[in-house]
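>
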Amino acid sequence: MGKLIKKAGKKEVKTVEKEKIQTRKRILSGAVVSDKMDKTVVVKISWLKLDKKYKRRYRQSQKYQAHDPENKFKNGDNVSIIESPPISKNKKWRAVY
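Going by the working numbering, the first residue of the sequence shown is number 1, and it counts up by one from there.
1. Am I right that VAL32 and ASN71 are in contact with their C-beta atoms under 8 Å? What's the rounded C-beta distance?
2. For THR23, which three-state DSSP category applies?
3. Quick one: grab the DSSP three-state call for ASN90.
4. Measuring CB atoms only, is the segment 44-56 touching the segment 83-92, in the sense that at least three cross pairs come out at less than 8 Å?
5. Closer than 8 Å by C-beta to SER34: which residues in its own chain qualify, once you throw out the five before and the five after it? Chain order, please.
6. CB GLN65 to CB LYS91, shorter than 8 Å?
7. So which of ARG57, ILE45, TYR54 has the shortest CA-CA distance to SER80?
8. Which residues mark the beginning and the end of the beta strand (DSSP E) in which TYR97 is found?
9. So for TYR54, helix, strand or coil by DSSP?
10. Whole angstroms is fine: what's the gap from LEU28's alpha carbon to VAL96's?
Structural data, given as structure tokens:
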């Protein structure tokens, strides 16, 4: 953060320049479970978790809506999705191969 001091008459005014911070975008991979919407696919991401008490693994999953501008992904395709700025109310991911 750089600080600049400007003199305006008798008063000193401090202004602060904002530096642009780049964030790392999350990348997830899963299977397309629905492609019925225009330019949107639903991708199911699943992973294994471990039960602490019984030491048993179980599967959990979550569905994400992802932007597919060319409608090229179909049901059953394995795709990666990358985080992006909000495209609509529910779409905050973009689908890539």
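Note that beta-carbon positions come from the ideal geometry of N, C-alpha and C, so glycine has one too.
In this structure, then:
1. In fact, because the Cβ distance is near 11 Å, the residues do not count as touching under 8 Å.
2. Of the three classes helix, strand and coil, the one that applies to THR23 here is coil, per DSSP.
3. Three-state result, ASN90: coil.
4. Here the segment 44-56 does not lie against the segment 83-92, with fewer than 3 beta-carbon pairs under 8 Å apart.
5. Cβ neighbours of SER34 beyond the five flanking positions: VAL41, VAL42, ASN75.
6. The Cβ-Cβ distance between GLN65 and LYS91 falls below 8 Å.
7. The shortest C-alpha separation from SER80 is found at ILE45.
8. Here TYR97 belongs to no beta strand (DSSP E), and DSSP marks it neither H nor E.
9. It is coil, neither helix nor strand.
10. Going from the Cα of LEU28 to the Cα of VAL96 covers about 10 Å.
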